[in-house]
Amino acid sequence: MDHPRLATTTPYPDETYERLKYRRIDHGILAETGPERIGNGFYVLLCNGGTVRFTGPRNRTELSEDDLLMLTPGVTGLIDTCGTAGDTDLLYIAPKFFDSLPDGQPLYQQLTWLRGDGDMPFLHLDAGQA
Numbered sequence: 001m002d003h004p005r006l007a008t009t010t011p012y013p014d015e016t017y018e019r020l021k022y023r024r025i026d027h028g029i030l031a032e033t034g035p036e037r038i039g040n041g042f043y044v045l046l047c048n049g050g051t052v053r054f055t056g057p058r059n060r061t062e063l064s065e066d067d068l069l070m071l072t073p074g075v076t077g078l079i080d081t082c083g084t085a086g087d088t089d090l091l092y093i094a095p096k097f098f099d100s101l102p103d104g105q106p107l108y109q110q111l112t113w114l115r116g117d118g119d120m121p122f123l124h125l126d127a128g129q130a
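Counting from 1, one number per residue, gives the positions in the sequence shown under UniProt numbering.
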């Protein structure tokens with residue numbers, strides 16, 4: 001399921017899908033509109049401030065400033081605010097496009113390793129990494 005409110009880039013030539021989408025989610029607007037469902041693609045969420053919650057099929061993860069969450073196509077869930085001001089960057093990568101990247105498979109293997117006990121790779125970035 002693609003996210004309808006994400007900004008889009010130019011589609012890959014001769015393809016019917018859009019390969020990348022980006023959106024900055026304002027937590028205040030998210031509090032007014034309610035949770036948003038994402039899934040069916042690779043997603044990267046980076047919390048820039050405040051707190052945002054991702055509820056997946058098996059667990060719930062709260063992200064605060066400089067937390068990064070990466071989702072694979074098999075994971076769907078809801079993004080919701082925890083009532084704090086801030087924003088979160090959301091990047092969608094179409095699975096077909098991700099699979100065509102030379103570094104796609106090594107990155108996917110790293111994501112699998114990062115999952116640990118949960119089903120979602122989660123990192124806290126140092127100030128210089130964010």
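Here a beta-carbon is modelled for each residue, glycine too, at the ideal position from N, C-alpha and C. Every value quoted in this text rests on a predicted model; they were computed, and no experiment measured them.
Please return the same chain residues whose Cβ sits closer than 7 Å to the Cβ of residue i, not counting the five positions on each side in sequence.
i, result
"residue 73", "40, 41, 42 and 95"
"residue 34", "none"
"residue 48", "65, 86, 87, 88 and 89"
"residue 82", "51, 52, 53 and 62"
Hey, out of the options, whose CA is closest to residue i's CA?
i, options, result
"residue 66", "30, 52 and 75", "52"
"residue 84", "101, 63, 93 and 97", "63"
"residue 29", "91, 80 and 125", "80"
"residue 92", "38, 31, 100 and 125", "38"
"residue 21", "90, 108 and 99", "90"
"residue 58", "44, 75, 125 and 23", "75"
Tell me, please, which residues DSSP counts as bridged to residue i.
i, result
"residue 64", "51"
"residue 96", "According to DSSP, which records beta bridges pairwise, residue 96 is partnered with nothing at all."
"residue 81", "52"
"residue 89", "24 and 46"
"residue 101", "Looking at the DSSP assignment, residue 101 forms no beta bridge with any residue, so it has no partner."
"residue 71", "43"
"residue 123", "68"
For residue i, which residues of its own chain have a beta-carbon under 6 Å away from its beta-carbon, when the five flanking residues on both sides are left out?
i, result
"residue 55", "77 and 78"
"residue 105", "none"
"residue 123", "68"
"residue 125", "66 and 68"
Subject >> Contiguous alpha helix (DSSP H) assignments of at least 4 residues, all confined to the segment 31 to 62 >> reply: As far as the segment 31 to 62 is concerned, it has no whole alpha helix (DSSP H) run of at least 4 residues.
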